[in-house]
Amino acid sequence: MKTRIMETDVLIVGGGTAGCFAGITLGKQEDVKVLMVEKANIKRSGCLAAGVNAINAYIIEGQTMQDYINYCKKDAEGIVREDLIQNMSERFNHVTKVLEDLGLVILKDENGKYVTRGKRNIKINGENIKPILAEAVNRQKNVDVINHVNVTDFIVKDGRIQGAYGFDVNHPIFYEFHAKAVLVATGGAAGLYRPNNPGFSRHKMWYCPFNTGAGYAMGILAGAEMTTFEMRFVALRCKDTIAPVGTIAQGVGAKQCNGQGEFYGEKYGMATSQRIYGTVTENREGRGPCYLGTKGISPEQEDALYKAYLNMSPSQTLKWLETGKGPSAYNVEIEGTEPYIVGGHSACGYWVDQKRETTISGLFAAGDVAGGCPLKYVTGAMAEGEIAAEALVDYIKKVNYSPIKEKNGEKKKKEYEDYLTRGKNLLTIEQVEESMQKIMEQYAGGKSTDYRYSENCLILAEKKILKLLETLQFLAAEDMDDLLRIYEIRERLIVCRTVIAHLLARKETRWHIFAENIDYPYKSDQWLKYVNSRLEDGELKIVFRDLVTGGQVYEHKN
Amino acid sequence: MSIKINSNRCVGCGRCIEVCPGNLIKRNIEGKAFMKHEKDCWGCTACIKECVVDAIDFFLGADIGGTGSTLSIQSKGDLNIWKVKDIQGNIQEIVINKKDANKY
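Residue numbers (the numbering used here), protein chains in the order written: chain G, 95 to 652; chain D, 567 to 670.
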């Protein structure tokens, strides 16, 4: 492998929603050198690849920020950081305006006001939202983008970030990045559990399957404190295509109904986890399958649904047209997805302060990797990108930076080369992935167990995942593409280990589905606290922290 | 669910290879694009939107209800023209103006 060493002021790892918005924000500071590294291409990488159907987090007229904070608190059963939600929601409307100025189409009424959907959403054409963000990043003179480079490890010295290591996913090039500060914005983790469609369409999933928890894994390995990994996220989705249900539910007012035609939504509550819990329970008790009651909608409504889905999840429209079972004639079957770890929806991720700085000095986190602040959606990820970008500028101005010549670079390069030079053996990347997903599915609350787990099973899962981590050293890579997939498995296994440790630590069932603990099936006020973890000398240490509630602000104490 | 690249149409420009968010499309020895990781497609259709010679079709696997129909897209000015072609060759078009917001 060739070696490329690059120096920058700010390194942004991951060019998705949060990373791009941070890049755009940093573009205003022309004296700050910024390098954005992305494993695919920022034009369509990350969660927004296909588009998005609405701006889901916006403070509409008649609603307040406090309403949004209350909504998050309720949905997450209190396990949120109010200080983080507050400074995120303060920026929802501002970042939306920036997006509109960049070219996003937002529906307006005759008075020029945004047309709303429900209490928190506004209507858009979001098909090209990612190219819009990417083009804006590419226009910034001080921001360089390197596409197709996968970052695998941070360089940390004396508790401070120094840079990162990675490799080109197509050519044998080792990258060593030296930076004064780093923003991690790599998204959440999909593919830990066996997917809904385990065969040919295994990646037809809710969350971006290429977000494999790189940022979490790098942080965990570097000893960063992580929070709330036990709050997994499961989405309610259209069967098979795993397309969103909100557009149907809110768009044409379709309610959840069971196989007997009974509307069951209200029976279980309308929080995210309750809606899935209701669906799972109806199925388990023999009243499935469950549907969104769309039968009888007008041809105009059906046509609008076809278009809305083409703008964000085209396979759903293809399925309707291909099977000849459009939503006006047939109800849309729904199901829960496999569990994901994603801090933009649940509260898991890096333990950060208000500025989104992690417990590693100079390492900031934004978007789905940042914890404590659920229900971010697109605008929340952008808000966090902006908050972190502003803090990064302050940080690099005050930091006493002395570039180090890291000898570990050679060690990391050799680790990559070992995979590339090792002879093929019977163990394959695909086998390890299958094994990991089987363990998580069967012992750590996968979909087929109705998301339930017990302490005994989790202990077994932990042992098996640790064993699987050991087998990674036997994998062989034929080319850089194989190497990418080996590191994607490594990241997921590291995340799995942390998820299991957190599930074990929270001895209650605070959220149905997300953390359905058979041994402790009820929630208890004594668990109104954060479950955090840190890797110390190879051991995952659990740390409990008190809730940060209204008016309080958390700050790191060094 | 995945994509099919028509190698007779592909001109080897590499745009789909560049844009795929999963790094799933590679170049073959003839210099043309091929789908290396068929099962790992997310269905985002970024490649189809990027292809200027209409060489890529998107389809659903039988495991999620696919029966051989394909989806493709052409962009003309402000219009995105989506085409669904069934196994018998019948075509259905849906035209979306990029300047129109979703109704829902």
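Ideal Cβ placement from N, Cα and C applies to all residues, glycine included.
{"query": "8 Å Cβ cutoff met for histidine 242 of chain G and valine 276 of chain G", "result": "no"}
{"query": "Where alanine 143 of chain G meets chain D, residues with beta-carbon distance less than 8 Å", "result": "Pro587, Trp608, Cys610, Ala612"}
{"query": "Classification of methionine 325 of chain G by the beta-carbon crowding that lies within 10 angstroms, buried from 16 upward", "result": "buried"}
{"query": "Neighbouring residues, chain D, relative to leucine 578 of chain G (Cβ below 8 Å)", "result": "Asn589"}
{"query": "Short CB-CB distance (under 8 Å) between tyrosine 513 of chain G and chain D", "result": "no"}
{"query": "Distance CB(lysine 137 of chain G)-CB(alanine 228 of chain G) smaller than 8 Å", "result": "yes"}
{"query": "Beta-carbon separation (whole angstroms), asparagine 290 of chain G vs methionine 299 of chain G, contact threshold 8 Å", "result": "7 Å"}
{"query": "Nearest-angstrom beta carbon gap, glycine 517 of chain G and proline 433 of chain G [assumed within contact, 8 Å]", "result": "Wrong, their Cβ atoms sit about 36 Å apart, outside the cutoff."}
{"query": "Test item: CB-CB of phenylalanine 323 of chain G and isoleucine 435 of chain G under 8 Å", "result": "yes"}
{"query": "In chain order, each beta strand (DSSP E) run of at least 3 residues that lies wholly inside the stretch 417-497 of chain G", "result": "426-430, 457-459"}
{"query": "Any C-beta of chain G under 8 Å from that of alanine 599 of chain D", "result": "no"}
{"query": "Limits of the beta strand (DSSP E) - the one that tyrosine 513 of chain G falls within", "result": "From DSSP, tyrosine 513 of chain G is part of no beta strand (DSSP E) but of the alpha helix (DSSP H) over 502-515."}
{"query": "Which of helix, strand or coil DSSP assigns to tryptophan 414 of chain G", "result": "helix"}
{"query": "Cβ shell of lysine 449 of chain G (< 6 Å), same chain only, five flanking positions each side left out", "result": "Ala485"}
{"query": "DSSP bridge partner residues for histidine 620 of chain D (one or two, in chain order)", "result": "First, the residue type needs correcting, since residue 620 of chain D is aspartate and not histidine in the sequence shown. Per DSSP, none; premise fails for aspartate 620 of chain D."}
{"query": "Among G/Gly285, G/Leu629, G/Ser139, the one whose alpha carbon lies nearest that of methionine 312 of chain G", "result": "G/Leu629"}
{"query": "Cutoff 8 Å: isoleucine 647 of chain D Cβ touching any chain G Cβ", "result": "no"}
{"query": "Runs of beta strand (DSSP E) wholly within the stretch 256-342 of chain G (minimum 3 residues, chain order)", "result": "267-278, 330-332"}
{"query": "Spatial distance of valine 585 of chain D from glutamine 180 of chain G (CA atoms)", "result": "35 Å"}
{"query": "Close Cβ partners of cysteine 442 of chain G (< 6 Å) along its chain, the five nearest in sequence each way excluded", "result": "Thr322, Phe323, Met325, Ile435, Gly465"}
{"query": "Where tyrosine 616 of chain G falls, given that 16 or more other Cβ within 10 Å makes a residue buried", "result": "exposed"}
{"query": "Boundaries of the alpha helix (DSSP H) in which tyrosine 400 of chain G is found, first to last residue", "result": "393-404"}
{"query": "contact_flag[the stretch 556-566 of chain G, the stretch 592-603 of chain D] where n(CB pairs < 8 Å) is 3 or more", "result": "no"}
{"query": "Any 3 or more C-beta pairs closer than 8 Å across the stretch 385-404 of chain G and the stretch 340-348 of chain G", "result": "yes"}
{"query": "Closer than 8 Å to chain D by CB, leucine 569 of chain G", "result": "no"}
{"query": "Span separating the alpha-carbon of alanine 475 of chain G from that of valine 189 of chain G", "result": "10 Å"}
{"query": "N-terminal and C-terminal residue of the alpha helix (DSSP H) that glutamate 204 of chain G is part of", "result": "Careful: glutamate 204 of chain G lies outside any alpha helix (DSSP H) and carries neither H nor E."}
{"query": "CB contact flag (serine 422 of chain G, threonine 388 of chain G, <8 Å)", "result": "yes"}
{"query": "Residue span of the beta strand (DSSP E) that contains glutamate 171 of chain G, given as start and end", "result": "From DSSP, glutamate 171 of chain G is part of no beta strand (DSSP E); its letter is neither H nor E."}
{"query": "Short CB-CB distance (under 8 Å) between asparagine 668 of chain D and chain G", "result": "yes"}
{"query": "Assigned secondary structure, glutamate 630 of chain G (DSSP; H/G/I helix, E/B strand, else coil)", "result": "strand"}
{"query": "Reduced DSSP secondary structure (H/G/I, E/B, other) of cysteine 576 of chain D", "result": "coil"}
{"query": "is_contact[glycine 257 of chain G, chain B] using C-beta, thresh 8 Å", "result": "The chain labelled as chain B is not found among the protein chains of the depicted structure, namely G and D."}
{"query": "Inter-residue CB distance, tyrosine 362 of chain G and threonine 341 of chain G (contact presumed, cutoff 8 Å)", "result": "With a Cβ gap of about 21 Å, tyrosine 362 of chain G and threonine 341 of chain G do not count as contacting."}
{"query": "8 Å Cβ cutoff met for glycine 578 of chain D and glycine 609 of chain D", "result": "no"}
{"query": "is_contact[threonine 341 of chain G, chain D] using C-beta, thresh 8 Å", "result": "yes"}
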